[in-house]
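Residue numbers (the numbering used here): 66 to 215.
Just so you know, even glycine gets a beta-carbon here, dropped at the ideal spot from N, CA and C.
Scroll down for the structure; my scribbles are underneath it.
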């Protein structure tokens, strides 16, 4: 009984943290990355618009996205780029004629984690609860109430 009460107390103490993690987007890089400073939100937007191509150490930046219909991608796009993925189609069509292609699209958060963990210069985003020891979270973005993940 004592162990049960201790377990319940521990759950109640950690539950707000677990729920908060589900409501956050983690911007991630490889755990082995030697980044001194995290990019600002504006710099992150430049990275995802492919306007900034290299890190300070001259490593090529390799941004990755989730599919356009993924709820986390839609939230990230709205928070960082100020537009939904489909609203950026005209931008990417124009960039194509300058030889600039959009970030790679990976099918799942697990794929993003694996790609970022194994690719020098990679940057991606996943739900905060998905972050593991193979990646480093540069910072977290809070999801607006209407966009909280199920």
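For residue i, count neighbouring Cβ atoms within 10 angstroms of its own Cβ and tell me buried if that reaches 16, exposed if not.
i	result
residue 197	exposed
residue 158	exposed
residue 119	exposed
residue 162	exposed
residue 104	buried
residue 173	exposed
Per DSSP, what kind of secondary structure is residue i in: helix, strand or coil?
i	result
residue 86	Bear in mind that a pLDDT of 43 at residue 86, under 50, signals an unreliable position, so the number given afterwards is only what the model happens to contain. Helix, per DSSP.
residue 112	helix
residue 99	coil
residue 180	helix
residue 192	strand
residue 133	coil
residue 159	helix
residue 76	Summary for residue 76: the model assigns pLDDT 42, below 50, so the residue's position carries little reliability, and this model does not support an answer.
residue 105	coil
residue 153	helix
Report the partner residues of residue i according to the DSSP bridge assignment.
i	result
residue 125	119
residue 204	92
residue 187	127
residue 170	130
If residue i sits next to residue j, beta carbons under 8 Å apart, how far is it from one beta carbon to the other, in whole angstroms?
i	j	result
residue 201	residue 121	Rounded, the Cβ-Cβ distance is 16 Å, inconsistent with contact.
residue 110	residue 146	5 Å
residue 128	residue 139	Not confirmed; about 16 Å, so no contact.
residue 203	residue 94	6 Å
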